[in-house]
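Engineer: Chains as they are written, first to last, in this note's numbering: chain A, 1 to 171; chain B, 1001 to 1178.
From the three backbone atoms N, C-alpha and C, an ideal C-beta is built for every residue, glycine too.
Sharing a structure below in structure tokens format, with a few things to ask.
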Amino acid sequence: MSTKASSWVRRAALVAGFALGLGYVALHGVPAGSQVLQARVSVITARAADLVASPSGPIVRASPLRAGRAARIRGAVTLRNPTDVALFVEPRSTRRAGDLDLPLQIRIVAGGQTLFDGGLEALHAGAAASFTIGAGKRQRVLVEVWLPSSAREYESRAADVAIEWRTRVGR
Amino acid sequence: VSVASRALRVGASALGWAGVGLAVALAGVTTVPPLFGYPVLTVLTGSMDPTVQVGSAVIDGTIQAADARPGDIVTFPSPRDGTKLITHRVQRLTVKRGRAYFVTRGDANDTAERWNVRAGAEIGRVLFVIPRLGYARQWMAGLPGRVAALALVLLWGVSIVRRTWASAPARPQPEART
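Structure, rendered in structure tokens:
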């Protein structure tokens, strides 16, 4: 074997050894966790001064909550007016849900009337319509919560939404 | 020199150079990634056995805590002793009010640990686990390894000087005057 040929053998061996080392490392790659995490949301009714809410605890509990209106979750609460006057009732979220504030959508329906249909921020800001409960009457209120299909970065987020029922005496 | 013995010599030389290439690659793998923000750590306990064995070297990438997923192997400061780093698998993650709440556990452990960080805080996610390389890395970082590395560099330098000396053209003798 000529000197030139043996020089090429040495170079090839060096490159092969280097490639072997990198290949050894590449073979030991660790795949990322592929589990898709859904959001966890719960809606509770905050205590109202003039109304009796039933149930008093969580009315909607979703774990997991996936994106898309089709995956919405529903709950209902019955509000009773124990007073002897009619009350205007306005739903409002008392505290911010934190990480899901922006994407979380909520719809509140009472007696066939949609009181609110929009983002949680707007509900927090007081954009919901009010409804009336007559003296000694009760009203069932439906609550729907969902994440829009376009929502991103909601995975693994958890949010507790509290809805309070603000009342004022009706005329 | 017979053809067989020459072939044997070339083969041995090739094997030696392949070894050098392998050593350079593995040394590069443990020294270059940290320069680009990918820390290399040596695994000292068997809590992640058999996925990550004692003496392995792990190369971490950096992710935001909220981007971790169950199944990821992550590196984070010990909840008990913030000076130590732990590399365990994510069991559960919840992000709430700007904080990421983790439940992690070593594959070989019976108990999980719960800890939390800011959702935007950076933690390590293991990208590569290279068995046994951590031992070599630790040995290289110690005195014997440093002495060996210095000796290799010196030997290399000496061989270059010797070759240069041997290939220098002989100085022509001055002609004698008559």
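#1: Could you name the residues that DSSP lists as bridge partners for Trp146(A)?
#2: Quick one: Cα of Leu1150(B) to Cα of Gly1157(B), how far?
#3: Suppose only complete runs of 4+ residues qualify. What are the alpha helix (DSSP H) ranges in the segment 1100-1152 of chain B, listed by chain order?
#4: Under 6 Å Cβ to Cβ from Ile1059(B), same chain only, skipping five residues before and after it: list those, please.
#5: Return the chain-ordered list of same chain residues with a C-beta closer than 8 Å to the C-beta of Thr78(A), the five sequence neighbours on each side being excluded.
#6: Consult DSSP for Ala76(A) and reduce its assignment to one of helix, strand or coil.
#7: Given the structure, does Ser7(A) come close to the ligand SAH, in the sense that its CB is under 7 Å from one of the ligand's heavy atoms?
#8: Does Thr61(A) come out as helix, strand or coil in the three-state DSSP assignment?
#9: What residue range is occupied by the uninterrupted alpha helix (DSSP H) comprising Leu1026(B)?
#10: For Trp1017(B), which residues in chain A fall below 7 Å Cβ to Cβ?
#11: Write down the C-beta distance between Gly1019(B) and Ala1108(B) rounded to the nearest angstrom, noting that I regard them as a contact closer than 8 Å.
#12: Given this structure, state the Cα-to-Cα distance separating Leu1209(B) from Gly1021(B), to the nearest angstrom.
#13: Using a Cβ-Cβ cut-off of 8 Å, state whether Gly1021(B) counts as contacting chain A.
#14: Could you work out which residue in Gly17(A), Ser7(A), Trp146(A) is closest to Val43(A) when comparing CA atoms only?
#15: Report yes if the CB atom of Ala1065(B) is closer than 8 Å to the CB atom of Arg1118(B), and no otherwise.
#16: So Ala158(A) contacts chain B; which residues on that side make the cut at Cβ distance below 8 Å?
#17: Exposed or buried, Pro1144(B), counting other C-beta atoms within 10 Å across all chains shown (16 or more means buried)?
#18: Enumerate in chain order the residues of its own chain whose CB-to-CB distance from Glu1122(B) is below 6 Å, with the five nearest sequence positions on each side excluded.
#19: For a contact defined as C-beta to C-beta under 7 Å, what are the partners of Phe1128(B) on chain A?
#20: Note down, in chain order, each residue of its chain lying with its Cβ closer than 6 Å to the Cβ of Pro1050(B), except the 5 sequence neighbours on either side.
#21: Does DSSP put His28(A) in a helix, a strand or coil?
#22: Could you tell me the alpha carbon to alpha carbon distance between Ser156(A) and Gly126(A), rounded to whole angstroms?
#23: Looking at chain B, is there any beta carbon in it that lies within less than 8 Å of the beta carbon of Ser93(A)?
Structural biologist: Judging by the given coordinates:
#1: Under the DSSP definition of a beta bridge, Trp146(A) partners with Gln105(A).
#2: Leu1150(B) and Gly1157(B): Cα-Cα distance of roughly 10 Å.
#3: Runs found: 1133-1141.
#4: Closer than 6 Å at the Cβ level, and outside the excluded window around Ile1059(B), lie Pro1033, Tyr1038, Val1040, Leu1127, Phe1128.
#5: Correct list, in chain order: Ala53, Ser54, Arg138, Gln139, Arg140, Val141.
#6: When secondary structure is reduced to three states using DSSP, Ala76(A) falls in the strand class.
#7: Absent from the structure shown: the ligand SAH. Ligands present: none.
#8: One point to set straight first is that residue 61(A) is Arg, not Thr, in the sequence displayed. In this structure, Arg61(A) counts as strand in the three-state DSSP scheme.
#9: From DSSP, the alpha helix (DSSP H) with Leu1026(B) extends over 1003-1031.
#10: Chain order gives the chain A residues near Trp1017(B) as Arg10, Ala13, Leu14, Gly17, where near means a beta carbon separation below 7 Å.
#11: Actually they do not touch by this definition, with Cβ atoms about 34 Å apart.
#12: What the structure shows of chain B is the stretch from 1001 to 1178, and residue 1209(B) is not part of that stretch, so it cannot be assessed.
#13: Interface flag for Gly1021(B) against chain A is set, since a Cβ pair is found closer than 8 Å.
#14: The residue with the shortest Cα to Cα distance from Val43(A) is Trp146(A).
#15: A distance below 8 Å separates the beta carbons of Ala1065(B) and Arg1118(B).
#16: Think of a sphere of 8 Å around the beta carbon of Ala158(A): the chain B residues whose beta carbon falls inside it are Thr1094, Val1095, Lys1096, in chain order.
#17: That one is exposed.
#18: Same-chain partners within the cutoff: Thr1062.
#19: The answer, in chain order, is Val25, His28, Gly29, Val30.
#20: Same-chain partners within the cutoff: there are none.
#21: DSSP places His28(A) in coil when its eight states are reduced to three.
#22: Roughly 28 Å separates the two Cα atoms.
#23: Using a CB distance cut-off of 8 Å, Ser93(A) does not count as an interface residue toward chain B.
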